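Just below is one structure, and these are the notes that go with it.
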Amino acid sequence: MGLVFNYLPGQTPLDEDEKNGLKIQTILVQSELDEFEQKNIEQAILWTLTKKLSSVQLLTESFVKKLHKLMFGEVWDWAGSFRRTNKNIGVDKWNIPTELQKMFDDVLFWVEQESFEADEIVIRFKHRLVCIHCFPNGNGRHSRLMADVLVQNLFGREVFSWGRRTASSDVRSKYINSLRQADCNDFKSLIEFARS
Ligand SMILES: Nc1ncnc2c1ncn2[C@@H]1O[C@H](COP(=O)(O)OP(=O)(O)OP(=O)(O)O)[C@@H](O)[C@H]1O
Ligand SMILES: [Mg+2]
C-alpha cells in the first residue's frame, strides 16, 4: 500500500481493486502518477491529430474505449474498460452501454438537424459523457479530449482551451461550477469556460 491518492474537488475516488490496476510499481506519490498520466495523455493527443474521423466512427462505444485506452493504457490495466463498480456520479454500471448509445443517437440527430450551434453540441456531448462516467477514473480528461476530437473532426474548429487562457487562480472551481449549471440544463457557462 504505497501510494495515497489526493483527490481534488469533483474527482472520483478509486476502489481498492481499481488502485491495484496501477501498472507502474515505482510510483510512490500522487505527483508521479499525475506525470505518468500526463505523458500518456500527450501521446494520445498526438495520435488524435494524425486522424481524420467521421461522426459515424467517433460516436461509437469502440472509439470511446479506444481513446481512454490510448490516454491511460500505460498506467492503468483497466484503461479502456468500462467500470465494474458504481460511483457517487454516473449511471448504474450496467446501463453504461445503453446510455452511451442513446447519447450517440441524440448527438447525431443534433448534428444533422443543426439543433444547436457547433460548440454547444460538443459541450452538451461532453457533459452527457462525463455524467455517464464510463470508466473508473479519467472521465473528466477523457470527456474533454473527446470534445476536442469532435469539435475538430465534425466542425473543423480549433480545440477548446478549457480555462487555460485565463489568468485566474480558481480555474478548477469555475470548471466545477459550470458543470453544476450544466447539470441543471444550462450550458452557457461551460461553453464559455471551454473557450476561455
Ligand atoms: N456535478 C458534476 N456534473 C458533471 N460532471 C461532474 C460533476 N462533478 C464532477 N464532474 C466531472 O467528473 C470529473 C471527475 O471524474 P474523474 O475523476 O473520473 O476524471 P479525471 O479525468 O480523473 O479528473 P479531472 O477531469 O478532474 O482531471 C470532473 O473532471 C468533471 O468533469
Ligand atoms: Mg480522477
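Under this note's numbering, the letters of the sequence shown match residues 628 to 823, in that order. Where a beta carbon is used, it is the ideal one built from N, C-alpha and C, also for glycine. All figures in this text were calculated on a predicted structure; none of them were measured in a lab.
Going down the chain, each residue whose beta-carbon is closer than 5 Å to a heavy atom of ligand 2 shows up: GLN638, ASN764.
Within the same chain, GLY648, LYS650 come within 7 Å of ASP704 by CB-CB distance, once the 5 residues on both sides are set aside.
In this structure, the straight-line span from the alpha carbon of PRO640 to that of GLU664 is close to 16 Å. Cβ-Cβ separation between ILE759 and GLY637: approximately 16 Å, too far for a contact (criterion under 8 Å). In the structure shown, LEU649 falls within a strand segment according to DSSP collapsed to helix, strand and coil. For TRP674, the secondary structure class from DSSP, reduced to helix, strand or coil, is helix. Closest option to LEU756, judged by alpha-carbon separation, among SER742, LEU660, VAL734: VAL734.
Per DSSP, GLU785 is not a residue of any alpha helix (DSSP H), being assigned neither H nor E. When DSSP states are grouped into helix, strand and coil, TRP705 belongs to the coil group.
ASN780 is not a Cβ neighbour of LYS693, given a cutoff of 8 Å.
DSSP assignment within the stretch 673-758 yields the following whole alpha helix (DSSP H) runs of 4 residues or more, N-terminal first: 682-685, 688-699, 723-740. Comparing C-alpha distances from GLU662 to each of GLU688, TYR634, GLN684, VAL702 shows the shortest one belongs to VAL702.
For the set GLY765, ASP746, LEU727, the Cα lying nearest the Cα of ALA706 is the one of GLY765.
Here the distance from the Cβ of ASP810 to the nearest heavy atom of ligand 1 is below 7 Å. Going by beta carbons, VAL656 and LEU685 fall outside the 8 Å limit. In the three-state reduction of the DSSP assignment, VAL798 falls in the helix class, which pools H, G and I.
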